[in-house]
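Structure record follows, encoded as structure tokens.
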Amino acid sequence: MSKSKNIILWVVAVVFMVVIAIYQRSTGPTYPEKGKVDVGGTTVEFSLPRSFGDPGDCPVTVVNEDRSIIGKMKYKRFKSHDEWSIVDMERRGDSLVAYIPSQPPAGKVQYEVLLGKQDDLLKSITKNDVVMRYKGYVPTYFLIPHVLAMFLAMVFSTRAALEVLFKGSKVFKLALWTTILFFIGGFMLGPIIQWYAFGDFWTGLPFGTDLTDNKTLISFVTWLLALWRLKRHPEQTWWALIAAGVLLAIYLIPHSVLGSELDFTTETPTPTNKF
Numbered sequence: 014m015s016k017s018k019n020i021i022l023w024v025v026a027v028v029f030m031v032v033i034a035i036y037q038r039s040t041g042p043t044y045p046e047k048g049k050v051d052v053g054g055t056t057v058e059f060s061l062p063r064s065f066g067d068p069g070d071c072p073v074t075v076v077n078e079d080r081s082i083i084g085k086m087k088y089k090r091f092k093s094h095d096e097w098s099i100v101d102m103e104r105r106g107d108s109l110v111a112y113i114p115s116q117p118p119a120g121k122v123q124y125e126v127l128l129g130k131q132d133d134l135l136k137s138i139t140k141n142d143v144v145m146r147y148k149g150y151v152p153t154y155f156l157i158p159h160v161l162a163m164f165l166a167m168v169f170s171t172r173a174a175l176e177v178l179f180k181g182s183k184v185f186k187l188a189l190w191t192t193i194l195f196f197i198g199g200f201m202l203g204p205i206i207q208w209y210a211f212g213d214f215w216t217g218l219p220f221g222t223d224l225t226d227n228k229t230l231i232s233f234v235t236w237l238l239a240l241w242r243l244k245r246h247p248e249q250t251w252w253a254l255i256a257a258g259v260l261l262a263i264y265l266i267p268h269s270v271l272g273s274e275l276d277f278t279t280e281t282p283t284p285t286n287k288f
């Protein structure tokens, strides 16, 4: 393969990874619920949190300059027998703010923001309740290498597939690097991230149903199988295409779907604040 073609294929692999990264960044159950709504003739844009990892209570902020707009927030623990707690949103300059009480890592709270210009005419700004998950603080010196290794694995996986399609001679080498990077990101650093965030190293099979852990396991096993077959039968390069396809399919599943969560149904319901 010529040097120029090799460079072009690497550029394609990197660009493809960036597209996947943007997709991952904008999907999934932990990214903010965004939108806009008409409140008494005033358009209000909002971005409501669905993940929180800082100490203390989680602020829910809706920016709007119309000071005639008032708001309330109702919330309860997700998967609980709690009744709804309802609090007034406090006006702070151009924003309305309320706080959701802190929960342990993997604890979830479902909440709803209601806005209006009269207390008896408040309406929800979202079609459904927003579900937010609390997590512990993850040190950046673990988080950054984890993210970097996982997306570099995507780059090398894509490049391995392109090597097959363009009949290159380095399929095994690229497959090996893909597997190594995926092992570092998913099985060395991944459990550390999981432990800091939610208090468990592994919640996939055979210990649980965490989809993030399970899809990591499936992809890694597929790449190990591809490596084994490529080592024994170098001409069977289509194994790299299969493994790359599995990895791509897994990256297209929004991050944190069916992730760790606490079940509060066995606990005593929390007190309720009413209108």
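Under the numbering used here, read the sequence shown as residues 14 to 288, first letter to last.
Beta carbons: idealized from backbone N, C-alpha and C, even for Gly.
Quiz item: Do you know how far the Cα of W236 is from the Cα of S15?
Solution: 27 angstroms
Exercise. Would you mind sorting K148 into buried or exposed? The rule is 16 or more other CB atoms within 10 Å of its CB.
Key: buried
Quiz item: Smallest Cα separation from I83: which of L194, V126, W23 and L189?
Solution: V126
Self-check item: At least 3 beta-carbon pairs within less than 8 angstroms: the stretch 250 to 257 vs the stretch 209 to 221
Solution: no
Self-check item: Enclosing alpha helix (DSSP H) for V25 [first to last residue]
Solution: K16 to S39
Exercise. Tell me, please, whether the stretch 25 to 45 touches the stretch 118 to 125 by the rule of three or more beta-carbon pairs shorter than 8 angstroms.
Key: no
Self-check item: 8 angstroms Cβ shell around K49 - same chain, five flanking residues per side excluded
Solution: T56, V57, E58 and F59
Quiz prompt | Straight-line Cα distance separating D213 from Y264 | solution = 22 angstroms
Exercise. State the DSSP-derived secondary structure class of P68, mapped to helix, strand or coil.
Key: coil
Exercise. Answer yes or no: do S108 and T74 have a C-beta to C-beta separation smaller than 7 angstroms?
Key: yes
Self-check item: For M167 and F200, the rounded distance between their alpha carbons
Solution: 15 angstroms
Quiz prompt | Residues bridged to M86 [DSSP beta-bridge criterion] | solution = V100 and V126
Exercise. Would you mind sorting Y21 into buried or exposed? The rule is 16 or more other CB atoms within 10 Å of its CB.
Key: In the sequence under discussion, the amino acid at residue 21 is Ile, which differs from the Tyr named in the question. I21 comes out exposed.
Practice problem: Starting from the N-terminal side, write out each stretch of the alpha helix (DSSP H) that is 4 residues or longer and does not extend beyond the stretch 153 to 200. | Solution: 153 to 178 and 184 to 196
Self-check item: Nearest candidate by alpha-carbon position, reference M30, set F196, L240, F277 and R172
Solution: R172
Self-check item: For D276, the three-state DSSP class (helix, strand or coil)
Solution: coil
Quiz prompt | F220, DSSP secondary structure in three states | solution = coil
Quiz item: Between which two residues does the beta strand (DSSP E) containing F91 stretch?
Solution: Unbroken run through F91: none, as it is neither H nor E.
Practice problem: Step through the CB atoms of chain C and report whether any lies within less than 7 angstroms of the CB of S81. | Solution: Of the chains in the structure shown, none is chain C; there is only one protein chain.
Quiz item: Looking at V76 and L128, is the spacing between their C-beta atoms short of 7 angstroms?
Solution: no
Quiz item: From K18 to A210, what distance separates their C-alpha atoms?
Solution: 42 angstroms
Self-check item: Contact under 7 angstroms by Cβ, F164 with A34
Solution: yes
Exercise. Assign H159 to buried or exposed, taking buried as 16 or more other Cβ atoms, counted over all protein chains shown, within 10 Å of its Cβ.
Key: buried
Quiz item: Helix, strand or coil for V151 per DSSP?
Solution: coil
Exercise. State the DSSP-derived secondary structure class of L80, mapped to helix, strand or coil.
Key: Here residue 80 turns out to be Arg, not Leu, going by the sequence shown. R80 falls in the coil class under three-state DSSP.
Self-check item: Cα-Cα separation between G66 and G54, rounded to whole angstroms
Solution: 35 angstroms
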